[in-house]
Amino acid sequence: MPASTQKAEEIIKRAIEVLGGSAYLNVQSVVGRGFYTAYQDGMSQLPARFLDYLVYPDKERTEFTTAGVRVVQTNVGATGWVYDGATKSLQDQKPAQLEDFRRSMRTSIDNLLRGWWRREDATLSYFGRREAGLARRNETVRLAYPDGFWIEYEFGAKDGLPAKVTYKRNSKVADSDETEEITEEDRLARLISINGVTAAFVVDHFISGKQTSRINYESIEFNRPLAASLFTKPESAKSVK
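Per the numbering used here, the sequence shown starts with residue 115, numbered consecutively.
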């Protein structure tokens, strides 16, 4: 094993320990509640209440409620569906939405720490220390996939906790057929321990240096039994629960 990979593996091992060790690794499902706020030109918009069900490694159902209208977005592996309460419609997710989910799974802290990336033959390397505010430094680990996509994860040099996730992707330019490379970033804050497992209660998302959203959890539950029917596409919009 190259020294760079070995150093990165040590950082991952330490992160697993500070997040709860075996208690963290034994988490099979997560239920999160809170508020999702979009930002436009630096200004926060009206928050939407959310309820999120996650079953590892690749099932997620998120329900958003704004002004009494509910939207349900559900993904299972490479498939997904969306219910829109405003139009009472139920549809399969479009390729771009499915790709967004795949990217969110690839860029998650869980993907790195739980080792799912190994199935896709991604390579791990240590990328050095970075300044992270006043008298703070982060250790940086890079995950590179065979298709050219990469993610950089930063962990506090002192506390070992996950702090930041950065990656680049191509995005369509508005009102144009052209694409541009953009940098996306998740900044993790308010790390709180629940039943021996530590999780970030605030996730701020940035695109090209500008904040675009905030996820603010009110509660997080681990290992609550979840019915498989939560993730199954209903027969019609009327049967969405």
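Quick reminder that beta carbons are idealized off the backbone N, C-alpha and C, glycines included.
Around the CB of LYS324, fewer than 16 other CB atoms lie within 10 Å, so the residue is classed as exposed.
One thing to note: ILE296 has its Cβ within 7 Å of the Cβ of SER322.
Between the region 157-173 and the region 132-148 there are three or more inter-stretch CB-CB distances shorter than 8 Å, so the stretches are counted as touching.
For VAL132, the uninterrupted alpha helix (DSSP H) run begins and ends at 117-132, by DSSP. The criterion of a C-beta distance shorter than 7 Å is satisfied by SER203 and ALA351. Taking C-alpha positions only, ARG128 is separated from LYS286 by approximately 38 Å.
A distance below 7 Å between beta-carbons, with the five flanking residues on each side excluded, links VAL354 to the following residues of its chain, in chain order: VAL186, TYR197, LEU204 and PRO348.
Uninterrupted beta strand (DSSP E) stretches at least 3 residues long and entirely within the region 249-313 occur at 251-258, 264-270, 276-286 and 293-308, given in chain order. For ARG328, the three-state secondary structure derived from DSSP is strand. By the Cβ neighbour-count rule, THR193 is exposed, with fewer than 16 other Cβ atoms within 10 Å of its own.
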